[in-house]
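These notes concern the structure reproduced below.
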Amino acid sequence: MFCRRLWLKPGTGFWTASQQGAHNLASFHQASLLPQRKLRGLLFPFSELEPHLACSVDRGHFQLFQPSVEDITKAEKLFSPSSSHKIDYHTSAVRMEHAPSQNQPEVCFIGRSNVGKSSLIRALFSLAPDVEIRVSKTPGHTKKMNFFKVGKAFTMVDMPGYGYRAPKDFVEMVEHYLGSRKNLVRTFLLVDGSVGLQEADMIALEMCEEFSRPYVIVVTKIDKCRQGVLLTNLLQLQDAITQTVRCFPQPFLVSSLHFSGIYLLRCFIAHVTGSIQLGDTCRS
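Under the UniProt record's numbering, the residues of the sequence shown are numbered 1 to 284, in order.
Below, the structure written as structure tokens:
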């Protein structure tokens, strides 16, 4: 089992989107008013990097998920609350026996401490400003599973951040969740784009492979590094992905600050949870 230890520290607080106001690009409608080149960069961040890859690089492993504008618009509606579609924090759990019992599809987010997980969830929920995002008083040190219900469509789970010396109960929590959660349809493994794959990320990747559950790698903080550094880290990531069985071939690039890739990730989540039917796009 996943016996190599990861690192976690305690301390939890609260954050709501309304405390800072919605991002000016929270809505795809607002983004659609931008010049086409800028809009495409926000929708498909990887498309801007692809031409810079060496001709000898096998690009087939970067299988681009490119839904239509109509699909992206449909997905955004799921992240927009209404009187009949509530989006809110549901509950927290420190052990699997405390996790809510439910049948609707579920996706979870895991990643190293300070990888930008809370910021990403804020961005995804930026159209629902009253959602409470539970964050650590010390950034990156949340130690509970936090469940967010998106109406009757699906649930998103924010898992504790990991590092090199996680306590035994944390490892057991993650293993138990991935191994037993029957309604889990996709795990999103976050990797910091400015530093690339770290040893702890490789351990988490091995864990996802071990439990044979489908997962996706999300590359965060793409605005925090130079393009050359990001390309180098993506090539390293590509090498790792080619050795996997259950990982989706395409890494999703995101910037919670600039909103790059957020609309695309919303659409992918809506798709894999069965909440929308897409037009002609790549298999997932």
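Every residue gets a Cβ at the ideal spot worked out from N, C-alpha and C, and that includes glycine.
- By the beta-carbon neighbour count (other beta carbons within 10 angstroms, threshold 16), T91 is exposed.
- Annotated as distal: G261 and D71, with beta-carbon spacing of 8 Å or more.
- When the Cα atoms are used, L39 and S32 turn out to be separated by approximately 6 Å.
- The beta carbons of A75 and A200 sit about 31 Å from each other, so the pair does not count as a contact at 8 Å.
- I276 and P67 have their C-alpha atoms roughly 11 Å apart.
- Residue range E106 to G111 is occupied by the beta strand (DSSP E) that includes G111.
- Around the beta carbon of T187, 16 or more other beta carbons sit within 10 angstroms, so the residue counts as buried.
- Just so you know, the alpha carbons of K182 and G116 end up roughly 27 Å apart.
- Annotated as proximal: T73 and F28, with beta-carbon spacing under 8 Å.
- In this structure, H23 lies near A123, with their beta-carbon atoms less than 8 Å apart.
- Beta-bridge partners assigned by DSSP to L190: G111 and V218.
- By the neighbour-count criterion, in which a residue is buried when 16 or more other Cβ atoms sit within 10 angstroms of its Cβ, Q250 is buried.
- Around the beta carbon of E206, fewer than 16 other beta carbons lie within 10 angstroms, which makes this residue exposed.
- When DSSP states are grouped into helix, strand and coil, M96 belongs to the helix group.
- If you ignore the 5 residues before and after Q30, its C-beta comes within less than 8 Å of the C-beta of N24, all in its own chain and listed in chain order.
- Between the alpha carbons of M96 and Q238 lies a distance of about 33 Å.
- When only Cα atoms are considered, L230 and C267 end up about 24 Å apart.
- When rounded, the separation of the alpha-carbon atoms in Y162 and R112 is 5 Å.
- About 6 Å separates the beta carbon of I87 from that of V131, a gap short enough to meet the 8 Å contact definition.
- Non-local beta-carbon contacts of V219 in its own chain, meaning distances under 6 Å to residues more than five positions away in sequence, involve V191, G193, P251 and L253 in chain order.
- For the set Y177, L49 and F259, the Cα lying nearest the Cα of S101 is the one of Y177.
- Within the same chain, P105, V107, A153, F154 and V185 come within 7 Å of T273 by CB-CB distance, once the 5 residues on both sides are set aside.
- With contacts defined by Cβ atoms closer than 8 Å, F148 and Y89 form a contacting pair.
- The bridge partners DSSP lists for F154 are V150.
- The residue among E209, S256 and V150 with its C-alpha nearest the C-alpha of C247 is E209.
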